[in-house]
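Chemist: Sending over a structure as structure tokens; questions will come in a sec.
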Amino acid sequence: MEYIDVPYTACFKETVAALDEPGCLLVTQGNEGYLNAMVIGWGTIGAIWNKAIFIVMVRPSRFTYQLLEEGSAFTVCVPAPDMRPIIDVCGSKSGRSHDKFRELNLSTVPSTQISVPGIAGSSVIYECQPVHFNDLQPEALTAQIQERFYPQGDFHRVYFGEILAVRALAGQAQQT
């Protein structure tokens, strides 16, 4: 499985589609080296501060939040179509009580710019270094969004990750 470097905009359409369905995998690593993967459906890619940025949202109640706070980087992995079983497990089990990498026998791909690896077999891997975060301000959200997405008041922290590298599977990179 060979990965090639691509511009951060090369796989934009595929990435946004994957965020919508089935979701992408946000990989984090804590201080002790423990890896976790969480499914994310909310995120975006763009240019802010003259940097390529991947914005991800994580609720403080999630184990991934703890690892993001401990660690200094994250990867966003766009799943290949055959990774649906991985998405199903990573979207339904917590890393607090499940070592998803061990249980799913996930292989990793070393990153080129950060310490957090990607998940082998992912069609695209974004390597990101956080440069900023914001906590959602409830008073700034519409009542409709609060009622629909935050009935328990568990508002997200928004992480702005500078995209330092993007790699795509060599056979699929030409299709994106």
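With numbering that gives the first Met the number 0, the residue at position 8 of the sequence shown is 7, and numbering never jumps. Here a beta-carbon is modelled for each residue, glycine too, at the ideal position from N, C-alpha and C.
#1: Taking the alpha-carbon positions, what's the W48 to I162 distance?
#2: If you draw a straight line from the C-alpha of A139 to the C-alpha of P59, how long is it?
#3: How would you call A72, buried or exposed, if buried means at least 16 neighbouring beta carbons within 10 angstroms?
#4: Spell out whether any CB of chain D is found under 8 Å from the CB atom of V38.
#5: By Cβ distance below 7 Å, which residues in the same chain neighbour E1 in space, the five residues on each side in sequence not counted?
#6: Measure the CB-CB distance between V26 and V123 and report whether it falls below 8 Å.
#7: Across which residues does DSSP place H97 in a beta bridge pair?
#8: What does the alpha-carbon distance come out to for the pair P6 and G90?
#9: CA-CA distance, E126 and V165?
#10: At a cut of 8 Å, does the stretch 139-152 reach the stretch 99-107 through at least three beta carbon pairs?
#11: When you compare each of P109, E13, K92 and E69 to C23 by their alpha carbons, which one comes out closest?
#12: Within 10 angstroms of its Cβ, does Q28 collect 16 or more other Cβ (buried), or is it exposed?
Modeler: So, from the data block:
#1: Cα-Cα distance, rounded: 12 Å.
#2: 19 Å
#3: buried
#4: Checking the listed chains, one finds no chain D in this structure; it contains a single protein chain.
#5: A169
#6: No, they are not a contact pair.
#7: Secondary-structure assignment with DSSP links H97 through no beta bridge to anything.
#8: 28 Å
#9: 6 Å
#10: no
#11: For C23, the nearest C-alpha among the options comes from E13.
#12: buried
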